[in-house]
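Numbering (the working numbering), first residue to last: 61 to 275.
Notes to accompany the following structure.
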């Protein structure tokens with residue numbers, strides 16, 4: 061895969077996480093497969109390549125479809141909240157990723173959760189206790205400075221502790237994709253200058269996903 065294609069995969073992972081944040085905040089639900097696929101990225105410590113972080117194309121189904129809407133169909137209004145959360149996470153990524161001590165603590169915390177809940181397997185189950193633990197890591201890592209990320213939604217959904225924990229856990233998964241995107245050479249300037257190449261990478265991923273789904 062090209063550098064742009066790898067960066068596009070990380071962006072799709074980011075959008076997959078933030079899209080679920082919006083759906084939980086406004087509807088109170090999200091697909092279990094999509095949730096697990098996003099949270100599983102936090103525990104892929106030795107991935108073979110960028111697609112392996114997400115479990116292949118199938119693990120990126122939602123993110124690919126959202127990215128296709130944005131880059132190919134140009135449906136920005138339909139995903140404005142997800143894009144806003146993604147932009148906020150990209151803004152938080154820089155200062156935190158440069159803090160070696162904080163990043164080391166983040167990995168150590170995730171390794172402890174992985175060992176405690178047996179998350180090394182691809183079919184690991186993310187129960188309520190596990191999601192609460194991931195949400196706690198988000199609080200320690202991303203909420204310590206810069207203020208909270210304001211999630212807009214229905215009060216009855218956001219006041220439910222389970223939904224609140226899912227939102228925070230997904231934001232941490234989104235942060236993981238933001239870090240990966242930057243590690244792969246992603247930047248806002250390169251994204252703007254290479255918009256066409258990113259659009260083509262998204263389109264190809266969408267076509268490949270449809271081919272896989274038909275098999």
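Cβ atoms here follow ideal geometry from the backbone N, Cα and C, with glycine treated the same way.
Computed from a predicted model, the values in this text were never measured in an experiment.
Could you confirm whether any beta carbon from chain C is found closer than 8 Å to the beta carbon of residue i?
i, result
"residue 229", "Absent from the structure is chain C; it holds one protein chain and no more."
Please report the distance separating the alpha-carbon of residue i from that of residue j.
i, j, result
"residue 149", "residue 157", "12 Å"
"residue 152", "residue 163", "13 Å"
"residue 175", "residue 254", "40 Å"
"residue 136", "residue 203", "28 Å"
"residue 98", "residue 216", "24 Å"
"residue 170", "residue 159", "17 Å"
"residue 193", "residue 173", "7 Å"
"residue 111", "residue 76", "14 Å"
"residue 258", "residue 118", "19 Å"
"residue 64", "residue 261", "7 Å"
"residue 219", "residue 138", "24 Å"
"residue 177", "residue 94", "19 Å"
Drop a sphere of 10 angstroms on the beta-carbon of residue i, count the other beta-carbons inside from all chains shown, and report buried for 16 or more, exposed for fewer.
i, result
"residue 132", "exposed"
"residue 105", "exposed"
"residue 247", "exposed"
"residue 161", "exposed"
"residue 228", "buried"
Among residues of its own chain, excluding the 5 on either side of residue i, which ones have a beta-carbon nearer than 7 Å to its beta-carbon?
i, result
"residue 144", "none"
"residue 209", "145, 148, 231"
"residue 213", "85, 86"
"residue 107", "113"
Could you round the C-beta distance between residue i and residue j to whole angstroms and report it? I think they count as a contact, below 8 Å.
i, j, result
"residue 198", "residue 240", "Actually they are not in contact, since the Cβ atoms of residue 198 and residue 240 sit about 17 Å apart, beyond 8 Å."
"residue 128", "residue 244", "Actually they are not in contact, since the Cβ atoms of residue 128 and residue 244 sit about 20 Å apart, beyond 8 Å."
"residue 226", "residue 84", "5 Å"
"residue 101", "residue 237", "7 Å"
"residue 96", "residue 142", "Actually they do not touch by this definition, with Cβ atoms about 19 Å apart."
Looking only at its own chain, which residues have a Cβ that is under 6 Å from the Cβ of residue i, when we skip the five neighbours before and after it?
i, result
"residue 72", "120, 123, 124, 127"
"residue 74", "146, 234, 237, 238"
"residue 185", "none"
Practice item. Would you mind listing the alpha helix (DSSP H) stretches within the segment 75 to 140 that are 4+ residues and don't spill past its ends, in chain order? Key: 92 to 100, 110 to 113, 121 to 127
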